[in-house]
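Numbering (the numbering used here), first residue to last: 20 to 603. Here a beta-carbon is modelled for each residue, glycine too, at the ideal position from N, C-alpha and C. Remarks on the structure that follows.
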């Protein structure tokens with residue numbers, strides 16, 4: 020893994036224009052000193068996505084995502100942090116820093132091996148494409164015509180054919196031992212007692228790409244009677260089927276622009292919809308959908324539609340997807356489930372009914388997840404009083420996996436209405452987070468803590484203006500308190516720089532990276548408002564000290580000071596009200 024110093028990272032960011040980076044993916048319009056556009060990370064009708072050229076930060080007031088150019092490319096394109104740094108550094112014409120000889124050689128070797136493997140996979144795909152046009156592949160061409168796949172789909176998705184029998188790989192690439200080992204390494208060959216054999220034989224080939232668009236493996240449909248109708252590449256360093264979605268690379272931008280995503284069960288479903296100008300479908304690779312795939316889906320679209328056959332197997336597949344979805348589900352997510360008529364799949368249905376009819380089903384027949392869940396619980400539990408008890412018990416177990424407390428409460432109420440049984444999850448005591456503190460003083464309220472810290476960070480001179488007792492301020496969020504301690508320690512120095520420090524804190528505290536982005540892009544807090552926040556902090560701190568004190572004289576002095584602070588706060592509030600009325 021490449022290592023970059025904070026100095027180098029800051030230099031990369033200083034040479035990067037985040038507006039230019041974001042504008043390649045989002046249509047931006049000038050709004051005051053910032054740029055605004057529709058958020059690429061969630062569905063919205065009015066622009067709430069802000070990009071600050073001055074601070075080199077982006078932030079969405081709708082979904083809360085934010086950060087620097089690094090975070091944007093990592094979230095939007097799926098790159099790792101080292102890949103983003105490398106890409107932006109090279110784009111800026113910077114020379115990458117030299118690492119220790121051993122680390123550099125090891126990293127270069129891994130990068131070289133990956134590049135060679137991906138190049139070999141691309142060559143393999145080209146060989147399959149060429150074979151599809153061969154005279155010996157007429158039965159596959161006839162199959163493609165039967166399935167209604169037009170030529171532009173064949174070309175765009177680079178579909179191919181692996182001929183029957185053994186030896187195609189060796190015939191095309193040669194039978195040198197190193198070559199055969201490399202083909203085995205990428206999953207194209209397997210080694211048996213009689214030597215190497217082709218994994219894909221007499222199969223219609225679907226290249227499978229990762230999020231970067233590189234071919235990392237293949238899926239193959241048999242062209243003969245075979246116990247395995249579909250076969251995928253084996254697990255390799257580059258191909259992990261539980262983390263991949265067929266069509267992701269090809270359809271990502273279409274899905275974001277159209278704000279619609281359909282999850283289907285097969286490769287042919289993805290291609291059939293694309294052939295009808297619906298390049299909005301993705302499919303897992305022949306297995307039940309997993310957590311990693313669900314995370315990718317929700318990052319791409321907050322309201323995906325999971326499309327299943329209307330038979331028993333379709334209901335079972337939908338239930339498995341729903342169970343795995345619950346721990347990831349948030350109140351902002353709006354997934355739906357669509358069951359097709361019995362005996363139909365998206366491929367057959369769109370061929371029969373056409374694009375508009377299929378879109379009508381997506382819009383009007385897809386059911387919300389809650390409805391799908393309740394229906395599934397009723398199917399599992401059966402009827403009668405004992406059925407209601409089983410339904411409540413199963414719901415309790417599933418709700419315990421949900422992490423969004425508000426959504427959990429809403430769903431709990433719906434089940435309790437259906438069963439007239441109070442669930443245990445609704446009465447269970449929720450764990451309470453206790454932030455670590457330096458003393459036994461009670462921590463300050465979270466909203467005030469954040470407002471105070473955000474306002475403090477906007478201007479470096481505010482640090483030196485803090486009163487003496489500010490050293491005792493305790494912010495209830497442990498990350499906020501760590502940042503505040505660092506800032507307060509720089510009181511009286513010229514070392515503090517808000518932008519540089521914010522970037523460093525985002526790296527140090529990724530748990531609140533979005534919050535930091537919001538602080539740096541929000542409207543400036545006036546000096547008067549900041550003075551009011553400081554007074555609030557002093558008043559609360561004073562109240563905490565009075566609670567702890569047992570000295571009557573000290574308490575009397577505290578109360579006198581509290582009265583003075585409240586009077587001062589009242590005057591400032593009156594002044595701020597006057598300013599607001601003057602601006603109206």
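How do the segment 140-158 and the segment 68-80 stand: do at least 3 beta-carbon pairs fall below 8 angstroms, yes or no?
no
I want to know whether the segment 238-255 touches the segment 209-229 - three or more CB-CB distances under 8 angstroms.
yes
Can you tell me whether residue 64 is buried or exposed, with buried defined as 16 or more other CB within 10 angstroms of its CB?
exposed
If you reduce the DSSP assignment to three classes, tell me which class residue 173 lands in.
helix
What are the partner residues of residue 81, as DSSP defines its beta bridges?
According to DSSP, which records beta bridges pairwise, residue 81 is partnered with nothing at all.
Below 8 angstroms on the Cβ atoms is my guess for residue 357 versus residue 380; work out the distance and round it to an integer in Å.
6 angstroms
Look at the Cβ atom of residue 300, then the Cβ atom of residue 320, and state whether they are nearer than 9 angstroms.
no
Which residues in the same chain have their Cβ closer than 8 angstroms to the Cβ of residue 24, if we skip the five residues on either side of it in sequence?
116
Here's a check: name, in chain order, each residue in its chain whose Cβ is nearer than 7 angstroms to the Cβ of residue 32, leaving out the five neighbours to either side.
75, 87, 88 and 522
Note the first and the last residue of the continuous alpha helix (DSSP H) segment covering residue 69.
Per DSSP, residue 69 belongs to no alpha helix (DSSP H); it is in the beta strand (DSSP E), 68-71.
Proximity to residue 370 [Cα-Cα], best of 295, 396 and 411
295
Pick from 174, 428 and 442 that is closest to residue 414, judged by C-alpha positions:
442
Look at the Cβ atom of residue 233, then the Cβ atom of residue 257, and state whether they are nearer than 9 angstroms.
yes
How would you call residue 333, buried or exposed, if buried means at least 16 neighbouring beta carbons within 10 angstroms?
buried
If you draw a straight line from the C-alpha of residue 34 to the C-alpha of residue 535, how long is it?
21 angstroms
For residue 388, report the span of its alpha helix (DSSP H) as first-last.
388-400
Note down, in chain order, each residue of its chain lying with its Cβ closer than 8 angstroms to the Cβ of residue 79, except the 5 sequence neighbours on either side.
58, 60, 61, 67, 68, 69 and 85
Are residue 343 and residue 308 close, meaning C-beta to C-beta below 9 angstroms?
yes
Using a Cβ-Cβ cut-off of 6 angstroms (strictly less than) and excluding sequence neighbours within five positions of residue 596, which residues of its own chain qualify?
none
Checking the sheet assignment: what are the DSSP bridge partners for residue 235?
In the DSSP output, where bridge partners are listed per residue, residue 235 has none listed.
On a CA-only basis, which of 200, 243 and 260 is nearest residue 310? Give me that one, please.
260
Closest by CA to residue 192, which one among 158, 140 and 175?
140
Can you tell me whether residue 285 is buried or exposed, with buried defined as 16 or more other CB within 10 angstroms of its CB?
buried
Reference residue 528, options 544, 508 and 503, closest by Cα:
503
Among 498, 187 and 491, which has the Cα closest to the Cα of residue 563?
491
Option nearest residue 96 by Cα separation, candidates 108, 53 and 44:
44
Once DSSP output is grouped into helix, strand and coil, what is the label at residue 186?
coil
Please list, in chain order, all residues of the same chain as residue 274 whose beta carbon is under 7 angstroms from its beta carbon, the five residues on each side excluded.
280, 299, 319 and 320
Only counting the same chain, and skipping five residues up and downstream in sequence, which positions put a Cβ closer than 7 angstroms to that of residue 39?
none
Just curious, the beta strand (DSSP E) that residue 48 is in, first and last residue?
48-50
Hey, would you say residue 242 sits closer than 9 angstroms to residue 217, going by beta carbons?
no
Outcome for residue 416 when other beta-carbon atoms lying within 10 angstroms are tallied against a minimum of 16:
exposed
Along the beta strand (DSSP E) that carries residue 226, what are the first and last residues, could you check?
222-228
Can you tell me the Cα-Cα spacing of residue 313 and residue 304, whole angstroms?
13 angstroms
Quick check on residue 373: does DSSP put it in helix, strand or coil?
coil
Mind checking residue 499: buried by the 16 CB within 10 Å criterion, or exposed?
buried
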